[in-house]
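Below is one structure, written out as structure tokens; comments come after it.
Numbering (the working numbering), first residue to last: 144 to 1291.
Encoded structure:
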């Protein structure tokens, strides 16, 4: 790998903090991978089983006072090196020691523990274990008692190859004794005393690290000192002074802390090399190079005013997987071999990156979520870097049959957060919710503390929530009597809030608390920035009220109070004059008004010169700056304002205001049109009618006595020069015609419509363009739309325009079924509105009938329910004479195939019977039922298949098949049954049963059926009817359905005879295979027998009868039965037929 280029030295003002830190970390990667020292607590350390010679024996841990005394009795005063000499000087080093050769360990686990320590120390110090092969050699057992210490010094090399020292502090209660280490510009303090009684601690440092052991203040510190020795011929591990590294990071942090750098991020979010669980999210749990980087930054952060924290960077990706479901697998593959880990994203639809669980270096929560921006992360592509690693969790829905399922992945890494302390509040109170918490914190503590830093932070970030900031800061300014804070708050927040920066209660309090000369400029700034007239005028009234109250206060007070009262009165006089001046300024510089301000403006006009001031001073501003909606509202308000009596001048102003409003209003919003030839994008349908605006304006014009202004509305609406042809038609449909109807409804006396100039033009243009729209959009014509033109043309009941203009245009239009229906229903509902000479409504009735007949002849009749709906519709439209034409349509369709008969006509039979009965026309339309039955007999049932003598003999031969086993019974029943199924599967009956069955089939069904073996274990058999048998049984099955159809019409024989006449005998003969039962009484003559019987059904009757003559015996026998019917006794009502489908086919 190529070495990183050395960072370019630039001045602080050219320093990009994020880039500089990123480059410094990369450039010094190797140096940062090693530390000059090591410190770790080991709660799981084993008891070494420490044993000393002679009478000391095994030393118990934690160390007792008795054992400490025993150790001291065998120890010597520890010397230290001074130049080439070794001396004892208790003022420099006051420690007891025993040579390591005299120390033994009874616990075999202790050796493993020391090996573990060796590995972790080498990793932290950056020692290559494989190259150096270091070993730890016990040097001394050290005992520190109260007062023991060791002044700053550097260890001498006590053995060849020694490069570091390891100190294992054994469990023994003491206080004091902290180790102070320094190396170059770096330093560290390790205090093991708080956990000394129960736990083992380990310290280590390179031999050239200066260190000091502070005095023991109580108890005993028992420690083992090991020399860490290099054992190979490779370069011995060593540690540089790191001066260049420390200076580079120090310069960056110094520039950031001073705010002199080119960039000033709130914080830096740095991705660590290792990831840590939430439980280990603290400085003490960091390892390797992460620990070294943080150690360096911790030292510098204390010096330059920075804070550090840790957090979890969480990435969530969701989309769908690259998985076609067509994986190829070799021999021995199992479904368990598939792994969801193998899938990849085909497309990532959503990705989310968040920084969560933000804690300080001790693991204490700062915030649940940390907001950040891309300019604050190292690396710059933080999200992409995290996603490039292995995911921590995956959820794959799996292949879904028609495509890959959804795939989600979660990635979690750990980041270091560093920020200057001057940004503490930005970090603690980040985002909108954080800003809210900051304001609440200021309010809750403003009476107990004076947190100016928090106040300044809120002021600097006031734009996040100006209203909340103003509330908190103005109250704090008052509570602290800090007029400067108060002024800074108002001057900042009023840019967004205007006079709403202060509420009424606070205005009074401020005037009582602060001198007028201190607050006057702020009040003027509030007025200047406020964008509302009513609020500015209301604010001035509030000040005027305060001044008036001060004028009337009692002056009979003490000298001091009297002076204060005099000052207040003087201030009140000043404010009176100031308010007067500011009011005139407000009225000379009106903002664009809102509807709610109408009364405030009229009140201001009344108080400052009356209607003349309104006309000359205010109205020109209002006309030039107001939206049309306000002008319309203002015209109504002026008309209703009782303080300005009715006058020519007032009426003239109202008319002028309306004229200005109408000239600027938009009465029609044209829908955007897409390019020719491309599908137009769907446009949302307006929730409010397009005509509502025009109608509202017309209503106001009528109300305020300016009907002539309606002509201005008409001129605006009928000017379609800027619209396309289609848009002009839409305008007529949505605005013009509704306005015509609205005006007609709003003026009680119709002749007054003529007084509205242009009304006839509106009506004519609207109708013409609307009919053009209908011609171009016949499919979109609804009853509601058609009523628009009806309302427009029938203003005075004269049908002339409708009959001579509308109807001819509609008849030239290719109207859809829906449009035709809408037209008929519209005319039917509104026909009473037409006024004809002599009351003759025939012309309109003929128009209605014409459109209704066209609808009946073209509407879709593809379901039985659509037929009934159409018949009902004819009756509702009071044109029952159309029903025969509709019935003729369904009986003589262009294609009367089996599907049409089975899906439409047959299900129609009971529905039609019910409808006819409910409308008392059952006798009138009874031939419809027989016509449908004849079509079914001819087209669906068809002629009976010929039955040869051979086939008859074969079927009779089944009687000799007498085996009663299950397989034989099932096969025999299948061959005898009347059903459309041609084959029977007998699965898994086994080879012996199969052979038994096939033997009987060979004997009894030769020529009647075939069979085939179904392979498998156990075997099965497939039996298939011969084509002749299948056709005959299928026909019989279909004929049986004829019984069900008859039952659906009526289960009563006499009623069937009445409903199906004159074809009852023929139909019954074919379906039942017998002569019909004789009737019990003479047939009832039907009223007006219909002639609309299906031609195809009637012509098919003769051939159908000839084809079915074999059923139930000879035709002569059937005729004889009919002839003798009069001699038969009366029969009972026929019961519903229940036919067993397993009955043997009767061929006799």
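All C-beta atoms in this analysis are idealised placements derived from N, C-alpha and C, irrespective of residue type, glycine included.
Query                                                                                                                         : Result
Segment limits, beta strand (DSSP E) that includes residue 327                                                                : Looking at the DSSP string, residue 327 is not in any beta strand (DSSP E), and its letter there is neither H nor E.
Complete beta strand (DSSP E) runs within the segment 228–252 (minimum length 3 residues, chain order)                        : 228–230 and 239–242
At least 3 beta-carbon pairs within less than 8 angstroms: the segment 736–755 vs the segment 763–781                         : yes
For residue 205: DSSP bridge partner residues                                                                                 : Residue 205 is not bridged to any residue.
Other residues of its chain near residue 1138: CB distance less than 8 angstroms, five sequence neighbours each side excluded : none
Separation of residue 274 from residue 282, as counted between CA atoms                                                       : 24 angstroms
For residue 615 and residue 263, the rounded distance between their alpha carbons                                             : 53 angstroms
Outcome for residue 157 when other beta-carbon atoms lying within 10 angstroms are tallied against a minimum of 16            : exposed
Sufficient close CB pairs (3 or more, under 8 angstroms) joining the segment 280–300 to the segment 353–371                   : yes
Stretch pair the segment 729–737 + the segment 673–680: three plus CB contacts closer than 8 angstroms                        : yes
In DSSP terms, what residue 1309 is bridged to                                                                                : The first residue shown for the chain is 144 and the last is 1291, placing residue 1309 beyond what the model contains.
N- and C-terminal bounds of the alpha helix (DSSP H) containing residue 1151                                                  : Segment: none, residue 1151 is in no alpha helix (DSSP H) and carries neither H nor E.
Same chain only: Cβ atoms within 6 angstroms of residue 478, ignoring 5 sequence neighbours per side                          : Note that residue 478 has pLDDT 44, beneath the 50 cutoff, so the model's placement of it is unreliable and no number is given.
Nearest candidate by alpha-carbon position, reference residue 1294, set 640, 625, 632 and 685                                 : With the chain covering 144 to 1291 only, the question about residue 1294 has no answer from this structure.
Helix, strand or coil at residue 637 [DSSP, three-state]                                                                      : helix
Residues bridged to residue 343 (per DSSP)                                                                                    : 185
Integer Cβ distance of residue 1180 from residue 1121, believed to fall under 8 angstroms                                     : 5 angstroms
C-beta contact flag for residue 978 and residue 941 at 9 angstroms                                                            : yes
Same chain, Cβ closer than 8 angstroms to residue 841, five either side skipped, listed in chain order                        : 853, 856, 882, 885, 886 and 889
Alpha-carbon spacing of residue 998 relative to residue 971, whole angstroms                                                  : 14 angstroms
Same chain only: Cβ atoms within 8 angstroms of residue 509, ignoring 5 sequence neighbours per side                          : 452, 501, 502, 503, 570 and 571
Extent of the continuous beta strand (DSSP E) to which residue 280 belongs                                                    : 278–287
is_contact[residue 524, chain B] using C-beta, thresh 9 angstroms                                                             : In the structure shown, chain B does not exist; there is a single protein chain.
Residues near residue 1022 in its chain [Cβ-Cβ closer than 7 angstroms; skip 5 each side]                                     : 992 and 995
Helix, strand or coil at residue 737 [DSSP, three-state]                                                                      : coil
Span of the beta strand (DSSP E), counted from its first residue to its last, around residue 454                              : 449–464
Assigned secondary structure, residue 1174 (DSSP; H/G/I helix, E/B strand, else coil)                                         : helix
N-terminal and C-terminal residue of the beta strand (DSSP E) that residue 364 is part of                                     : 364–372
DSSP bridge partner residues for residue 1156 (one or two, in chain order)                                                    : 1164
Residue 761 versus 772, 748, 325 and 770, residue with shortest Cα-Cα distance                                                : 748
Buried versus exposed, by CB contacts within 10 Å (16 or more), residue 611                                                   : buried
Residue range of the unbroken beta strand (DSSP E) whose run includes residue 135                                             : Because residue 135 is not part of the residues shown, which for the chain are 144 to 1291, the question remains open.
The segment 523–537 / the segment 363–371 touching (three or more Cβ pairs under 8 angstroms)                                 : no
Among 966, 864, 901 and 1058, nearest to residue 914 - alpha-carbon criterion                                                 : 966
Ranges of the alpha helix (DSSP H) found wholly within the segment 771–799, counting only runs of at least 4                  : 771–783
Pairwise C-alpha distance: residue 927 and residue 814                                                                        : 20 angstroms
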